[in-house]
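Chains as they are written, first to last, in the numbering used here: chain A, 1 to 328; chain B, 329 to 646. The C-beta atom is built at its ideal place from N, Cα and C for all residues, glycine as well. Notes to accompany the following structure.
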Amino acid sequence: MTDGSPSYARNDGEFGVGEVPPEYDVEETVEDHKSTRARIVEALRANKLALAGAIAIVLLVLVAAFAPFVAPHGPEEQFGFMQEPMSQSSGDFDSDGQTETVTHYLGTDSFGHDILTRIIFGARVSLLVALATVAFAFTVGTTLGILAGFYGGWVDSVVMRYVDFQWAFPEIILGVGIIAVMGGLGVTNVVLAIGIAFIDDFARIIRGEVLSIREEEYITAARAVGMNDARIMFKEMLPNAVAPLIVQATLMIPFAILAEAGLSFLGLGVKPTTPTWGLLISDGRQFISRAWWISVMPGLAIMVTVLAFNTLGDGLRDAFDISEEEVN
Amino acid sequence: MWRYIAKRVAHAVFVMWLVATTVFLGLRSIPGGPVRAMLGQEATPEAVASLRRELGLDEPLPVQYVDWVTGMFVGDFGTSISSGAEVSSLLAQAAPRTLSIALFGVLLGLAVSIPAGVVGATRRNQPADYAATIAAFLGISMPAFFVGILLAIVFGVWLGWFPVVGYTPLSEGFVPWLKSITLPGVAVGLPYAAGVTRMMRSSLIETLDEQYMRTALAKGVKSDVRLYKHALQNALMPVVTIAGIQLALVLGGTVTVEIVFGVQGLGRLLVNSILERNYPVTQVTILLISGIFVFMNLIVDIAYTAIDPRVQYGGDQA
Numbered sequence: 001m002t003d004g005s006p007s008y009a010r011n012d013g014e015f016g017v018g019e020v021p022p023e024y025d026v027e028e029t030v031e032d033h034k035s036t037r038a039r040i041v042e043a044l045r046a047n048k049l050a051l052a053g054a055i056a057i058v059l060l061v062l063v064a065a066f067a068p069f070v071a072p073h074g075p076e077e078q079f080g081f082m083q084e085p086m087s088q089s090s091g092d093f094d095s096d097g098q099t100e101t102v103t104h105y106l107g108t109d110s111f112g113h114d115i116l117t118r119i120i121f122g123a124r125v126s127l128l129v130a131l132a133t134v135a136f137a138f139t140v141g142t143t144l145g146i147l148a149g150f151y152g153g154w155v156d157s158v159v160m161r162y163v164d165f166q167w168a169f170p171e172i173i174l175g176v177g178i179i180a181v182m183g184g185l186g187v188t189n190v191v192l193a194i195g196i197a198f199i200d201d202f203a204r205i206i207r208g209e210v211l212s213i214r215e216e217e218y219i220t221a222a223r224a225v226g227m228n229d230a231r232i233m234f235k236e237m238l239p240n241a242v243a244p245l246i247v248q249a250t251l252m253i254p255f256a257i258l259a260e261a262g263l264s265f266l267g268l269g270v271k272p273t274t275p276t277w278g279l280l281i282s283d284g285r286q287f288i289s290r291a292w293w294i295s296v297m298p299g300l301a302i303m304v305t306v307l308a309f310n311t312l313g314d315g316l317r318d319a320f321d322i323s324e325e326e327v328n
Numbered sequence: 329m330w331r332y333i334a335k336r337v338a339h340a341v342f343v344m345w346l347v348a349t350t351v352f353l354g355l356r357s358i359p360g361g362p363v364r365a366m367l368g369q370e371a372t373p374e375a376v377a378s379l380r381r382e383l384g385l386d387e388p389l390p391v392q393y394v395d396w397v398t399g400m401f402v403g404d405f406g407t408s409i410s411s412g413a414e415v416s417s418l419l420a421q422a423a424p425r426t427l428s429i430a431l432f433g434v435l436l437g438l439a440v441s442i443p444a445g446v447v448g449a450t451r452r453n454q455p456a457d458y459a460a461t462i463a464a465f466l467g468i469s470m471p472a473f474f475v476g477i478l479l480a481i482v483f484g485v486w487l488g489w490f491p492v493v494g495y496t497p498l499s500e501g502f503v504p505w506l507k508s509i510t511l512p513g514v515a516v517g518l519p520y521a522a523g524v525t526r527m528m529r530s531s532l533i534e535t536l537d538e539q540y541m542r543t544a545l546a547k548g549v550k551s552d553v554r555l556y557k558h559a560l561q562n563a564l565m566p567v568v569t570i571a572g573i574q575l576a577l578v579l580g581g582t583v584t585v586e587i588v589f590g591v592q593g594l595g596r597l598l599v600n601s602i603l604e605r606n607y608p609v610t611q612v613t614i615l616l617i618s619g620i621f622v623f624m625n626l627i628v629d630i631a632y633t634a635i636d637p638r639v640q641y642g643g644d645q646a
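Written out as structure tokens, the structure is:
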């Protein structure tokens, strides 16, 4: 309040310059704005379980990415058949003329493959498919949901009827049906089959968010300054609705992992020869009376991975204060 | 209430029509057509033409569509390409197996999850709550077929209490039937129970914090009445929704668990038909599984009328 301001803006009254009457003093403070990233970091600091999940996920991704360097053996290398966990094989495995002894920490399968190695290589397919699936569903579902919420009317009706319809198929059945129509097996087909089944979840959430954001004043302001629809939708609305989407994506990844495992367990997954976790379980199925570890070990790998994503997702959901009914 | 039910039934019929039409169009949009896919690239034109005639694929699309829809109403689903058997008789054989397992799973899931959720919510942060929470967390992290394999190893192979392979029809006695579906039923029921338990617990915790619960306490309402009449009835609503949505998990789980236990149910039928490109069987099986799911959800919707008085007294929320 110095020379720059016009005279009518001066407040030289009872309370002096710049002074606020006591009745305007409020006790509560407005929470400082925090970026999404800052809130995630804070959530991880506060919630040890979520942090453990995040660390486990980072480790898993690293192991999968560097599988050939991390795995003790090659995925097709063969040793003794159906050896128990912690058993050892002796032989000249690297053909250098000397006999060496290797330990199979998780045992070997019916072909003599080292199970730990197969699980590490299987992590590649499982994680890749899961991430690609969620990325696909996220992109398509979010776009559809924003359009539906923003335009309303017939666009909304069409999208919501589609969501209703998709809901009528149990996810794995929809995936199986899509595989049937597309015929071949392969990474792209599996990603599409599971990804399409997840579109509705993202569409429904973002539509709900957009419906409430649409009435906010900053949207009216954005219109008033002449922003076009696309800019309002993707630059104004989307960033404000991103928290539930992040949580949903984190919680969808484990579903994608389970769905991929289910498809490859059924023999409708990536390729019958690629070691995926679902396929490893299915390979061991017929030997459960003689070698339980062939099926159980890859199953535990699925469980640990899914648990890690679930703890992280739950932690983020609490951090963003989203109710369990909103995302699931 | 009747208006609400009529609305839900109409919606279910609409969804089924949509599913039937999609399956119809989906299989006809296979690149190169389903017959080429079934017979392979080297098939002679005569063979292709005769199979097309046999499947009615040489008719114009609208005629095929009318045939498909009327066939569904009279139960004429065509014949299997691989075995020549009527698709309807294949389904009649497989469906009871799948339904037995799925129903066992749902009943077990609800019987476990609702008490577990109530215990978790009422004894918050006590050992019983921790046990229920951890068990539920493990449950949602395991695919049903893996639970099935674990059960088969422990209770089938090691302990020998239950058969590991096969299904005994109800006509051969209740106990053998029950024994044959116990392990697969538990395998699909546990992951289902896990999801419902989590919802039950968090929903009840939220309800117990409501103002009217404090009012009830102040009025001197007995604690059992408070819990079961005031809190539980309100807390159940989101649980019923989740229990309905999660039925998809049960059906999907049943499909995989059937393969674990070598049960020749709908899942096995579906997977085999896809692998041998037996489209007449594939399309009807997908339709039937979706139909079961839609029907189960219709029941859930109607169950709402029992617990949500707003529906009963003519409220128009749905």
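Report the rounded CA-to-CA distance for A:P68 versus B:S508, giving the unit in angstroms. 43 Å
Spatial neighbours of B:W489 within its chain, please: C-beta separation below 6 Å, excluding the five flanking residues on both sides. Hits under 6 Å: F483.
Grouping DSSP H, G and I as helix and E and B as strand, with all else coil, what is A:H33? Note: A:H33 maps to coil in three-state DSSP.
Excluding the 5 residues flanking A:L316 on each side, which residues of the same chain have their C-beta closer than 8 Å to its C-beta? I40, A43, A50, I246, V247, T250
Residues of its chain near A:A241, where Cβ-Cβ distance is below 7 Å and the 5 sequence neighbours each way are ignored: I206, E209, V210, I213
Contacts of A:G329 in chain B (Cβ-Cβ under 9 Å): The structure shown has nothing for residue 329 of chain A, since chain A only spans 1 to 328.
Under 7 Å Cβ-Cβ, which residues of chain B neighbour A:D164? V343
Under 9 Å from the C-beta of B:F465: neighbouring residues of chain A: L307, N310, T311, D314
For the segment 112 to 132 of chain A against the segment 68 to 88 of chain A, do three or more pairs of beta-carbon atoms, one drawn from each stretch, fall closer than 8 Å, so that the two count as touching? Contact between the segment 112 to 132 of chain A and the segment 68 to 88 of chain A is present, because at least three Cβ pairs lie under 8 Å.
Which residue comes first and which comes last in the alpha helix (DSSP H) that contains B:G368? The continuous stretches of alpha helix (DSSP H) do not include B:G368, and DSSP gives it neither H nor E.
Chain A contact for B:L431 (CB, 8 Å cutoff): By this cut-off, B:L431 is not an interface position.
Give the residues of chain A in contact with B:G354, contact being defined as C-beta atoms less than 9 Å apart. G177, I178, A180, V181
How far does the beta strand (DSSP E) with B:G467 in it extend, from its first residue to its last? Element bounds for B:G467: not the beta strand (DSSP E) but the alpha helix (DSSP H), 455 to 468.
Contact check, A:T305 vs A:L60 under 8 Å by CB: the rounded distance? 6 Å
According to DSSP, residues forming a beta bridge with A:Q88: BP columns for A:Q88 point to A:T103.
Against B:A480, what residues of chain D qualify as contacts under a CB-to-CB distance less than 8 Å, listed in chain order? Checking the listed chains, one finds no chain D in this structure; the protein chains it contains are A and B.
Looking at the unbroken alpha helix (DSSP H) that takes in B:P519, where does it start and where does it end? For B:P519, the uninterrupted alpha helix (DSSP H) segment begins and ends at 502 to 536.
Counting only beta-carbon atoms, is B:S416 nearer than 8 Å to chain A? No, its Cβ sits nowhere closer than 8 Å to a Cβ of chain A.
Can you look up A:D229 in the DSSP assignment and give me helix, strand or coil? helix
Helix, strand or coil for A:L316, going by three-state DSSP, please let me know. helix
Three-state class that DSSP yields for A:T108 in the structure shown: strand
Cβ of B:A576 within 8 Å of any chain A Cβ: yes
Find the residues of chain A that neighbour B:T535, judging by a C-beta separation of less than 7 Å, and give them in chain order. The contacting residues do not exist; B:T535 stays about 13 Å from chain A at best.
Would you mind telling me which residues of chain A sit closer than 9 Å to B:I477, beta carbon to beta carbon, in chain order? I281, G284, R285, I288, W292, S295, V296, G299
Spatial distance of A:R204 from A:M160 (CA atoms): 8 Å
Among B:I333, B:R638, B:R336, B:M344, nearest to A:Y162 - alpha-carbon criterion: The residue with the shortest Cα to Cα distance from A:Y162 is B:M344.
Do you know how far the Cα of A:E76 is from the Cα of B:I333? 58 Å
Check whether the segment 174 to 186 of chain A touches the segment 224 to 236 of chain A, taking contact to mean three or more Cβ pairs, one atom from each stretch, closer than 8 Å. Because the criterion of three Cβ pairs below 8 Å is not met, the segment 174 to 186 of chain A and the segment 224 to 236 of chain A do not touch.
Hey, which unbroken runs of the beta strand (DSSP E) at 3 residues or more fall wholly within the segment 385 to 436 of chain B? none
With 16 other CB atoms within 10 Å as the buried threshold, where does B:S378 fall? exposed
Could you name the residues of the same chain whose beta carbon sits closer than 8 Å to that of B:Q561, not counting the 5 residues immediately before and after it, in chain order? I635
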